[in-house]
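Inspection log for the structure reproduced underneath, given as structure tokens.
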Amino acid sequence: MFGKKKQINTHSAGNQLKRTNHAPSIISEDVRLTGSLVSQGEVQLDGRIDGDVKVSHLVIGTTGTVEGSVVADSVIVKGKIIGSLNASKVTIEQTAEVHGDVYQDTLSIEAGAVIEGNLKQRHEAETVELISQSIESKPELTSVLNEGDNDLSFFNKQAAEKE
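Count along the sequence shown from 1, then add 136; that gives the number in the numbering used here.
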């Protein structure tokens with residue numbers, strides 16, 4: 137009792153965000169959060185977050201709003217996002233409003249959803265770079281471009297030759 141040293145639990149201090157249960161975190165309709173939200177689990181948002189969200193799985197309910205960037209593995213949007221959305225799997229339902237760019241691997245959009253921004257696949261930049269490298273290495277493509285009559289396009293050249 138008096139002679140024992142207290143043991144300090146160092147594991148809980150280092151792993152503050154380690155997921156111990158599988159129940160979703162719920163932010164109800166009457167809650168407004170200002171700042172960043174980080175979670176390794178599922179978050180159900182029915183309130184409002186003014187800040188960035190980084191979670192594993194996010195469900196934005198019909199009354200939920202995020203004003204900031206969202207980064208997640210999967211996102212279901214029924215409410216509103218004002219900012220960028222970056223997720224592997226994105227589902228935008230009929231009641232959703234997204235005002236910002238969406239970066240995704242897979243995307244599902246229901247009829248009636250409002251999206252103001254660009255939709256981009258996350259691996260698209262790699263594909264564009266590979267295509268541009270393969271075009272530069274083909275001599276037959278560059279020879280057509282290097283021939284005379286730079287004023288005329290390829291199709292205009294063919295039409296002029298026929299006349």
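All C-beta atoms, glycine included, are put in the ideal place defined by N, C-alpha and C.
Here the structure is a predicted model, which is why all the values come from computation and not from measurement.
Query raised in the report: Whose CA, out of G204, D209, G183, lies closest to the CA of S175?
Result: Indexing the sequence shown from 1 puts residue 175 at position 39. Here the closest residue by C-alpha is D209.
Query raised in the report: Buried or exposed: where does R168 fall if 16 or more other Cβ atoms within 10 Å of its Cβ makes it buried?
Result: Taking the sequence shown and counting its residues from 1, the one referred to as residue 168 is at position 32. Classification of R168: exposed, given that the 10 Å Cβ count is below 16.
Query raised in the report: Do you know offhand how far V250's Cα is from V213's?
Result: As a first step, residue 250 is located in the sequence shown; it is residue number 114 there, counting from the start. As a first step, residue 213 is located in the sequence shown; it is residue number 77 there, counting from the start. Using only the alpha carbons, I get a separation of about 11 angstroms.
Query - Three-state secondary structure (DSSP) of T231 - result: What you label residue 231 is simply residue 95 of the sequence shown in a count that begins at 1. Coil, per DSSP.
Query raised in the report: In this structure, does DSSP put R120 in helix, strand or coil?
Result: This structure gives no information on residue 120, because the portion of the chain shown stretches from 137 to 299.
**Report entry** DSSP bridge partner residues for A223 (one or two, in chain order)
**Finding:** The residue labelled residue 223 in the question sits at position 87 within the sequence shown. BP columns for A223 point to A208, Q240.
Query - Those residues which DSSP pairs with E252 across a bridge - result: By one-based count along the sequence shown, residue 252 stands at place 116. BP columns for E252 point to H235.
Query raised in the report: So who's on the other strand from V213, going by DSSP bridges?
Result: Position 77 of the sequence shown, counted from the start, is the residue given in the question as residue 213. Answer is I196, I228.
Requested in this report: For D188, name the three-state secondary structure that DSSP assigns.
Outcome: By 1-based counting over the sequence shown, the position of residue 188 is 52. Of the three classes helix, strand and coil, the one that applies to D188 here is coil, per DSSP.
Query raised in the report: Measuring CA to CA, which of L173, N254, G177, L181 is closest to E165?
Result: Stepping through the sequence shown from its first residue, residue 165 is reached at position 29. Of the candidates L173, N254, G177, L181, the one whose C-alpha sits nearest the C-alpha of E165 is L181.
Query raised in the report: Nearest-angstrom Cα distance between V206 and T170?
Result: Within the sequence shown, numbered from 1, the residue matching residue 206 stands at position 70. Within the sequence shown, numbered from 1, the residue matching residue 170 stands at position 34. Computed Cα separation, rounded: 14 angstroms.
Query - Assumed close pair D237, K256 - CB separation to whole angstroms, cut-off 8 angstroms - result: Here residue 237 refers to the residue found at position 101 of the sequence shown. Here residue 256 refers to the residue found at position 120 of the sequence shown. At roughly 7 angstroms, the Cβ-Cβ gap stays under 8 angstroms, so D237 and K256 are in contact.
Query raised in the report: Around the Cβ of A247, are there at least 16 other Cβ atoms within 10 angstroms (buried) or fewer (exposed)?
Result: The residue you call residue 247 lines up with position 111 of the sequence shown. By the neighbour-count rule (16 or more Cβ atoms within 10 Å), A247 is not buried but exposed.
Requested in this report: Taking S161 as part of the beta strand (DSSP E), name the residues at either end of that continuous run.
Outcome: Residue numbering aside, residue 161 sits at position 25 when the sequence shown is read from its first letter. Its beta strand (DSSP E) spans residues 161 to 163.
Query - Per DSSP, cross-strand counterpart(s) of Q180 - result: Sequence index remark: in the sequence shown, residue 180 carries index 44 (1-based). Paired residue(s): I162, V195.
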